[in-house]
Amino acid sequence: MAANRTWGFFFMVKFLSLCLIFRLTGSQSPPAYWNTAHATFYGDMNGTETMMGACGYGDLIKQGYGLETTALSTALFNNGLTCGACFEIRCYDSVQWCLNDTIIVTATNFCPPNYSKPEGNWCNPPLQHFDLSQPMFRKIAVYRAGIVPVLYRRVPCVKSGGVKFKINGNQYWILILVYNVAGAGDVVDVKIKGSSTSWIQMSRNWGQNWQTSANLIGQSLSFQVTTSDGKMVQSDDVAPADWKFGGVYEGKQF
């Protein structure tokens, strides 16, 4: 009986020690299930500075992203291909600064490197870094921290309504902003089809803006959108034949 009590006491101490370790690191899950990075914030609590980012989304409030957004360092931004991806982030390994909360944010902007300042610039490659909106940063860490270590992982995006297509350009050039994409979130391929054409391959201009020189004025428009996980959604006749430049049209969702 004494031996059993001794082993029981040993395992209890071991269990409490492990719980203490996770509590002190600010993590409720083993780090092995996550990737490590650092996080800062930019802008004020209203998020004004986070609008019109490098992904091309524009007014993030009107477009449904809100302030649940982040800018990515070069290593994560992937020349804009990661725009639209969603990340779950929690503060890690700082008793002083971490708060016990987890956030999910969408990549909407780029945190540029500064090669003239190789030391202390967290967005220089190969560092993995999130520059969060201030409201998101303050959910996971104390404001005065400024920068904190974090754990992160990719998660599926959850969006309301269908994929949105904003049509810009002119009669010689059409530029489509693709946004509000659920699932993987990051679009890697777009095809467009007029009611009088076959499918036309579009090329990425910047962020999640996709272009074609085909003249499609006066034709209804259909789209095929493929995300980084290989899934494709086809939305037929999303824009009617009398579509307008500057108009936003809604298709199917992932």
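In mature numbering (1 follows the signal peptide of the UniProt record, and there is no 0), the protein residues as written are -27 to -1, 1 to 227.
All C-beta atoms in this analysis are idealised placements derived from N, C-alpha and C, irrespective of residue type, glycine included.
DSSP-derived helix/strand/coil call for residue i
{"i": "methionine 175", "result": "coil"}
{"i": "tyrosine 65", "result": "coil"}
{"i": "alanine 58", "result": "coil"}
{"i": "glycine 53", "result": "helix"}
{"i": "threonine 81", "result": "strand"}
{"i": "alanine 48", "result": "helix"}
{"i": "glutamate 41", "result": "coil"}
{"i": "tyrosine 6", "result": "helix"}
{"i": "threonine 75", "result": "strand"}
{"i": "phenylalanine -6", "result": "Residue confidence for phenylalanine -6 is low, a pLDDT of 43 falling below 50, so the modelled location carries little weight; the figure read from the coordinates is stated next. Reduced to three states, the DSSP call for phenylalanine -6 is helix."}
{"i": "threonine 21", "result": "helix"}
{"i": "tryptophan 146", "result": "strand"}
{"i": "glutamine 1", "result": "Confidence in glutamine 1 is poor, its pLDDT being 49 and thus under 50, which makes the residue's placement too unreliable to answer from."}
Beta-carbon proximity list for residue i, same chain, < 6 Å, skipping 5 on both sides
{"i": "tryptophan 7", "result": "Leu124 and Arg126"}
{"i": "lysine 166", "result": "Trp172 and Ser195"}
{"i": "glutamine 36", "result": "Tyr30 and Tyr152"}
{"i": "phenylalanine 14", "result": "Leu105, Gln107 and Phe110"}
{"i": "glutamine 207", "result": "Gln197"}
{"i": "valine 115", "result": "Trp70"}
{"i": "arginine 177", "result": "Trp183"}
{"i": "threonine 79", "result": "Tyr38, Thr42 and Cys59"}
{"i": "glycine 26", "result": "Thr81 and Asn82"}
Supposed contact pair residue j and residue i - C-beta distance, whole angstroms, cut 8 Å
{"i": "aspartate 159", "j": "leucine 54", "result": "6 Å"}
{"i": "lysine 153", "j": "lysine 164", "result": "Inspection of the sequence shows that residue 153 is occupied by asparagine rather than by lysine. In fact, because the Cβ distance is near 18 Å, the residues do not count as touching under 8 Å."}
{"i": "leucine 150", "j": "glutamine 184", "result": "No, leucine 150 and glutamine 184 are not in contact; Cβ-Cβ is about 10 Å, not under 8 Å."}
{"i": "serine 168", "j": "alanine 214", "result": "7 Å"}
{"i": "glutamine 144", "j": "asparagine 94", "result": "Contact flag wrong, Cβ pair sits at about 44 Å."}
{"i": "glycine 57", "j": "glycine 135", "result": "That pair is no contact at about 14 Å."}
{"i": "leucine 72", "j": "isoleucine 113", "result": "6 Å"}
{"i": "threonine 81", "j": "threonine 21", "result": "Wrong, their Cβ atoms sit about 14 Å apart, outside the cutoff."}
{"i": "proline 99", "j": "alanine 48", "result": "5 Å"}
{"i": "valine 128", "j": "isoleucine 77", "result": "6 Å"}
{"i": "tryptophan 146", "j": "serine 186", "result": "6 Å"}
Own chain residues within Cβ distance below 7 Å of residue i, not counting five before or after
{"i": "aspartate 209", "result": "Ser195"}
{"i": "aspartate 32", "result": "Met24"}
{"i": "valine 161", "result": "Leu54, Thr199, Thr200 and Ser201"}
{"i": "phenylalanine 227", "result": "Val154, Ala155, Gly156, Thr200, Lys204 and Val206"}
{"i": "valine 131", "result": "Ala155"}
{"i": "isoleucine 34", "result": "none"}
Sheet register partners of residue i (DSSP bridge)
{"i": "valine 221", "result": "Lys139"}
{"i": "aspartate 162", "result": "Thr199"}
{"i": "tyrosine 15", "result": "Ser106"}
{"i": "tyrosine 152", "result": "Lys137"}
{"i": "glycine 167", "result": "Leu194"}
Close-in-space but distant-in-sequence residues of the same chain around residue i (CB under 8 Å, 5 per side omitted)
{"i": "glycine 219", "result": "Lys139, Ile140 and Asn141"}
{"i": "asparagine 87", "result": "Asn94, Cys96 and Asn97"}
{"i": "residue 288", "result": "Look at the range of the chain in this structure, -27 to 227, and you will see that residue 288 is not part of it."}
{"i": "threonine 75", "result": "Glu61, Ile62, Arg63 and Ile113"}
{"i": "tryptophan 216", "result": "Ile140, Ser193, Leu194 and Tyr222"}
{"i": "aspartate 17", "result": "Gln107"}
{"i": "cysteine 28", "result": "Gly53, Cys56, Gly57, Ala80, Thr81, Asn82, Phe83, Gly180 and Gln181"}
*Hey, which unbroken runs of the beta strand (DSSP E) at 3 residues or more fall wholly within the region 176 to 219?*
Correct list: 176 to 179, 182 to 185, 194 to 200 and 205 to 212.
*asked:* If we require 3 or more residues per run, which beta strand (DSSP E) segments fall completely within the region 91 to 136?
replied: Along the region 91 to 136, the beta strand (DSSP E) occurs as fully enclosed runs of 3 or more residues at 102 to 106 and 121 to 128, listed in sequence order.
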